[in-house]
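S.K.: Can you read through this structure? Questions will come right after.
Number of protein chains: 2
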Amino acid sequence: MDVRALQTLRAVRTQGGVTGAAAVLHLTPSAVSQQLAGLTRDAGVPLTERVGRGLRLTAAGDALADAALDVAVALERARSACAEFAGSPTGTVRVSAFQSAARLLLPGLLTRVAARGGIAVECADEDVAQDAFPALADRHDVVVAHRPAEGPAGWGDGVRVVPLLREPMDVAVPVDSPLAARAALAPADLDGAGWIAVREGFPVARVLDDIGVRAGTVPRVVQRINDFHVVEALVAAGHGIALLPRYSCGGHPGVRLVPLAGVRAGRQVDALVRPDVAERRVVGVVLDELVALAAELRRA
Amino acid sequence: MDVRALQTLRAVRTQGGVTGAAAVLHLTPSAVSQQLAGLTRDAGVPLTERVGRGLRLTAAGDALADAALDVAVALERARSACAEFAGSPTGTVRVSAFQSAARLLLPGLLTRVAARGGIAVECADEDVAQDAFPALADRHDVVVAHRPAEGPAGWGDGVRVVPLLREPMDVAVPVDSPLAARAALAPADLDGAGWIAVREGFPVARVLDDIGVRAGTVPRVVQRINDFHVVEALVAAGHGIALLPRYSCGGHPGVRLVPLAGVRAGRQVDALVRPDVAERRVVGVVLDELVALAAELRRA
DNA sequence: CCTGTCGATGTAGCGTCGCTTCATGGACGT
DNA sequence: ACGTCCATGAAGCGACGCTACATCGACAGG
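Order-wise, the sequence lines are chains A and B. Sequential numbering of the first sequence, starting at 11, is according to the working numbering. Sequential numbering of the second sequence, starting at 11, is according to the working numbering.
This is the structure we're talking about:
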């Protein structure tokens, strides 16, 4: 039972296919397919089944992929077992964050980690649909992701979740709007307004829907924009109002953020780490700095 | 970090050297040495150090060997994860037992396992010094071992221990001896007697010493014989008395077993299994049958 | 003190295994 | 029906790990 093939199986599951797995593993699809064939051979049962032009894991394959994760954890523990004796942790950690969190967290993280010395942090900004965040954990060691604060965590069980921040969502209105004078806004106050939302399937898209449900109406979405800076510019120009996170949006002069009243609306920012890479000491250090930084920001 | 090399490191520890490990792994010493070199290279710290003409694991090597065991367990769990889907357990299990336990347990075990079908049991009888029992777990799946019943288990932490039987040790005396008429014998009754003991370092050798300590004298050992049948023949011929396990010694007509009074003396029979092989379903089945058989014998 | 043995470790050579490249075969959308 | 996408085979090549053999140091005996 080849260990590399086991990890490949895991990647096939998270990436949803041979081609995707091949990409994150830096292999050709053919190699992945061959590994799967070999694994199936000495498993004795089919691990994958074709569905359309892609494929999917069978129940046995799913169980084996779960076990593969434990194998990876044990292996990484072995690595760090002798890293204990090798001195202070060293290496490079790849961190990915969605745009606004990257702006909020990465600068501070880099200085904090640099202060300890010996650890390199490779940053990347990747913002994807909510379902796709866990898959990023194959390409990066730490993935900063976000989701509606209310409701369950919802990041499958292939990743370890480290909560970082809970950020309220405020209503962004033009400064010259009558709404801007209010201290707080109830859902009823917003009835009939034109909303600038994020693209379907992306995090916090559902938050707006929830507000609509509580108000008894369907929010009228006039635009779908993911970049908050663009949203601010549109709001300032009077093209609609929007839900924006309170802290990670640098105040556009033409926009005012007004708290919501009557409903809890927020987004939760989490760090996602694959259990095996969580065993690496360096990753643990970076993660510690990240939560410490988040705590500091929460106090400010 | 190569998995095979990790298991090799484990074997080097249990077998006490490169040559021994090579033997149980069916490799040449050179291959083992090369694996160790490679492992040391990507561990970054020395894992072994020379001592005399042999070698010993360093602290880092010891920690890594511990971790290697967890890796093996995780891997075996992966194997059995899809074996769940492959139907009823099948395969061959290698069982080793010391002489008297083999006589007592193996016949019943074979019939019990044969009744289930699909599982082959390869038997072997190996009786070694007490310290050497755990090392046998590299060559066999299940090792039936024995030790003084009083005192701690004492089988290192590289094996899982499954208790099977506790067997009292009786005093074997010639039937024509005046001692044979007694219902029980206290240590004081045996003062000055000539003992036939087992070889130094072998299990239950210390039981006799314990009795001496309680009686305040040092037992006078006249012979050291490991095979209980030979011991019985010598006792019957009047060459000394001996401590023999009550159940697993078929009564020699010239020998009578008299219980000890005043001291608890017994041997504990355990099954030793390496944690990773314990994950194999077949091994679990055989082990279950073994404890069931032992329970049945205990009742009889 | 020298010698023989034992155990670990290097070196040369060979087999095997897994990867890439290229080609094939279904499945879906236009 | 055609082109595209995705998984999978076949051929070839490179790398890795093994065996066989030689070497070196450590211990025991003459």
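Positions of the beta carbon are idealized from the N, C-alpha and C atoms, including for glycine. All of these numbers come straight from a predicted model, not from anything done at the bench.
Taking the alpha helix (DSSP H) that residue 110 of chain A belongs to, which residues open and close that run?
M.R.: As a first step, residue 110 of chain A must be located in the first sequence, where it is residue number 100. Taken as a continuous stretch (DSSP letters only), the alpha helix (DSSP H) holding residue 110 of chain A covers 109-126.
S.K.: Does the region 164-172 of chain B come into contact with the region 138-151 of chain B, if we say contact requires no fewer than three beta-carbon pairs (one atom in each stretch) closer than 8 Å?
M.R.: At 8 Å Cβ cutoff, the stretches touch.
S.K.: Determine the contact status of residue 270 of chain A and residue 181 of chain A, defining contact as a CB-CB distance below 8 Å.
M.R.: Locating residue 270 of chain A in the first sequence gives position 260, where the first residue counts as 1. Locating residue 181 of chain A in the first sequence gives position 171, where the first residue counts as 1. At a Cβ-Cβ threshold of 8 Å, residue 270 of chain A and residue 181 of chain A count as neighbours.
S.K.: Does residue 81 of chain A get closer than 8 Å to chain B when you measure Cβ to Cβ?
M.R.: In the first sequence, the residue the question calls residue 81 of chain A occupies position 71. Residue 81 of chain A counts as touching chain B.
S.K.: Here's the rule: buried if 16 or more other CB atoms are within 10 angstroms of the residue's CB, otherwise exposed. What is residue 201 of chain B?
M.R.: One-based indexing of the second sequence puts residue 201 of chain B at position 191. Residue 201 of chain B sits exposed, since fewer than 16 C-beta atoms from the chains shown fall within 10 Å of its C-beta.
S.K.: With C-beta atoms as the reference, is residue 265 of chain A less than 8 Å away from residue 152 of chain A?
M.R.: Walking along the first sequence from the start, residue 265 of chain A turns up at place 255. Walking along the first sequence from the start, residue 152 of chain A turns up at place 142. In this structure, residue 152 of chain A does not lie closer than 8 Å to residue 265 of chain A by Cβ.
S.K.: Where residue 239 of chain A and residue 254 of chain A are concerned, what is the direct C-alpha to C-alpha distance, given to the nearest angstrom?
M.R.: Against the first sequence, residue 239 of chain A aligns to sequence position 229. Against the first sequence, residue 254 of chain A aligns to sequence position 244. Distance between the alpha carbons of residue 239 of chain A and residue 254 of chain A is about 10 Å.
S.K.: For residue 206 of chain A, collect the residues of the same chain with a Cβ closer than 8 Å to its Cβ; drop the 5 residues on either side in sequence, then sort them by chain order.
M.R.: Here the question's residue 206 of chain A lines up with position 196 in the first sequence. Excluding sequence neighbours, residue 206 of chain A sits near 231, 232, 233, 234, 235, 241, 244, 245, 249, 250, 251, 252.
S.K.: Under a three-way DSSP split, which group does residue 135 of chain A fall into?
M.R.: Translated into positions along the first sequence, residue 135 of chain A becomes position 125. DSSP places residue 135 of chain A in strand when its eight states are reduced to three.
S.K.: Given that residue 89 of chain B touches chain A, what residues does it touch there, using C-beta distances under 7 Å?
M.R.: The sequence position of residue 89 of chain B within the second sequence is 79, counting from 1. Near residue 89 of chain B (Cβ distances below 7 Å), the residues of chain A are 11.
S.K.: Can you tell me which residues form a DSSP beta bridge with residue 253 of chain B?
M.R.: Counted from its first residue, the second sequence places residue 253 of chain B at position 243. Looking at the DSSP output, residue 253 of chain B bridges to B:181.
S.K.: Any Cβ of chain A within less than 8 Å of the Cβ of residue 67 of chain B?
M.R.: In the second sequence, residue 67 of chain B corresponds to position 57, counting from 1. By this cut-off, residue 67 of chain B is not an interface position.
S.K.: Report the option in B:209, B:159, B:212, B:12 whose CA atom is closest to the CA atom of residue 275 of chain B.
M.R.: Your numbering for residue 275 of chain B matches position 265 in the second sequence. The residue with the shortest Cα to Cα distance from residue 275 of chain B is B:159.
S.K.: Does the separation of the CB atoms of residue 171 of chain B and residue 280 of chain B fall below 8 Å?
M.R.: The count along the second sequence starts at 1 and reaches residue 171 of chain B at position 161. The count along the second sequence starts at 1 and reaches residue 280 of chain B at position 270. Going by C-beta atoms, residue 171 of chain B is nearer than 8 Å to residue 280 of chain B.
S.K.: Could you give the first and the last residue of the continuous alpha helix (DSSP H) run that contains residue 44 of chain A?
M.R.: Here residue 44 of chain A refers to the residue found at position 34 when the first sequence is read from its first residue. Segment 39-53, the alpha helix (DSSP H) holding residue 44 of chain A.
S.K.: Quickly, what does DSSP pair residue 280 of chain B with across the bridge? List them, please.
M.R.: Mapped onto the second sequence, residue 280 of chain B falls at position 270. DSSP output for residue 280 of chain B lists B:155, B:173 as bridge partner(s).
S.K.: Just verifying my parser: in three-state terms, what is the DSSP assignment at residue 66 of chain B?
M.R.: Against the second sequence, residue 66 of chain B aligns to sequence position 56. In this structure, residue 66 of chain B counts as strand in the three-state DSSP scheme.
S.K.: Does DSSP put residue 272 of chain A in a helix, a strand or coil?
M.R.: In the first sequence, residue 272 of chain A corresponds to position 262, counting from 1. Residue 272 of chain A: coil per DSSP, three-state reduction.
S.K.: Taking all protein chains shown into account, decide if residue 299 of chain A is buried (16 or more other Cβ within 10 angstroms of its Cβ) or exposed.
M.R.: On the first sequence, position 289 is the one that residue 299 of chain A refers to. Result: buried.
S.K.: Would you mind reading off the limits of the alpha helix (DSSP H) that contains residue 25 of chain B?
M.R.: In the second sequence, the residue the question calls residue 25 of chain B occupies position 15. 13-25 is the extent of the alpha helix (DSSP H) around residue 25 of chain B.
S.K.: Using the Cβ count rule (16 or more neighbours within 10 Å means buried), how would you classify residue 102 of chain B?
M.R.: Translated into positions along the second sequence, residue 102 of chain B becomes position 92. Label assigned to residue 102 of chain B: exposed.
S.K.: So which residues on chain B does residue 94 of chain A lean against when the C-beta distance must stay under 8 Å?
M.R.: For the purposes of this step, residue 94 of chain A is taken as residue 84 along the first sequence, with counting starting at 1. Residues of chain B passing the Cβ test: 70, 73.
S.K.: Please identify the residue among B:277, B:45, B:75, B:308 whose C-alpha is closest to the C-alpha of residue 88 of chain A.
M.R.: Locating residue 88 of chain A in the first sequence gives position 78, where the first residue counts as 1. When each option's Cα is compared against that of residue 88 of chain A, the closest is B:75.
S.K.: Closer than 8 Å, CB to CB, is residue 55 of chain B near chain A or not?
M.R.: In the second sequence, residue 55 of chain B corresponds to position 45, counting from 1. It does; some Cβ of chain A falls within 8 Å.
S.K.: Could you list which residues in chain A have their beta carbon closer than 8 Å to that of residue 270 of chain B, in chain order?
M.R.: Taking the first residue of the second sequence as position 1, residue 270 of chain B is located at position 260. Chain A residues near residue 270 of chain B: none, gap ~47 Å exceeds 8 Å.
S.K.: Tell me, please, whether the CB atom of residue 21 of chain B is closer than 8 Å to any CB atom in chain A?
M.R.: Numbered from 1 along the second sequence, position 11 holds the residue referred to as residue 21 of chain B. Residue 21 of chain B does not count as touching chain A.
S.K.: Hey, does residue 47 of chain B have any beta-carbon neighbour from chain A nearer than 8 Å?
M.R.: If you number the second sequence from 1, residue 47 of chain B lands on position 37. Not an interface residue.
S.K.: Which runs of the beta strand (DSSP E), 3 residues or longer, sit entirely within the region 175-239 of chain A?
M.R.: 204-207, 230-234
S.K.: Considering only C-alpha positions, which residue in the set A:258, A:278, A:78 is nearest to residue 11 of chain A?
M.R.: Along the first sequence, read from residue 1 onward, the residue named residue 11 of chain A stands at position 1. Closest by alpha carbon: A:78.
S.K.: Should residue 213 of chain B and residue 277 of chain B be called a contact, given that it needs their Cβ atoms to be closer than 8 Å?
M.R.: Mapped onto the second sequence, residue 213 of chain B falls at position 203. Mapped onto the second sequence, residue 277 of chain B falls at position 267. Yes. Within cutoff.
S.K.: Does residue 16 of chain B have its Cβ less than 8 Å from a Cβ in chain A?
M.R.: One-based indexing of the second sequence puts residue 16 of chain B at position 6. Chain A contact via Cβ: present.
S.K.: In the DSSP assignment, the beta strand (DSSP E) including residue 308 of chain B goes from what residue to what residue?
M.R.: Residue numbering aside, residue 308 of chain B sits at position 298 when the second sequence is read from its first letter. Annotation: residue 308 of chain B is outside any beta strand (DSSP E); the continuous alpha helix (DSSP H) that includes it extends over 291-309.
S.K.: What is the C-beta distance between residue 303 of chain A and residue 118 of chain A, in whole angstroms, given that I count them as a contact (C-beta under 8 Å)?
M.R.: For this step, residue 303 of chain A is matched to residue 293 along the first sequence. For this step, residue 118 of chain A is matched to residue 108 along the first sequence. Their Cβ separation, rounded to whole angstroms, is 5 Å, which keeps residue 303 of chain A and residue 118 of chain A in contact under 8 Å.
S.K.: Specify, as a first and last residue, the run of the beta strand (DSSP E) that residue 58 of chain A falls within.
M.R.: Walking along the first sequence from the start, residue 58 of chain A turns up at place 48. Unbroken beta strand (DSSP E) run through residue 58 of chain A: 58-61.
S.K.: Check each candidate in B:50, B:290, B:282, B:272 and name the one with the smallest Cα separation from residue 193 of chain B.
M.R.: Numbered from its first residue, the second sequence carries residue 193 of chain B at position 183. Of B:50, B:290, B:282, B:272, the residue nearest in Cα terms is B:272.
S.K.: What did DSSP end up calling residue 30 of chain A once you bin it into helix, strand or coil?
M.R.: As a working mapping, residue 30 of chain A is identified with position 20 in the first sequence. In the displayed model, residue 30 of chain A falls within a helix according to three-state DSSP.
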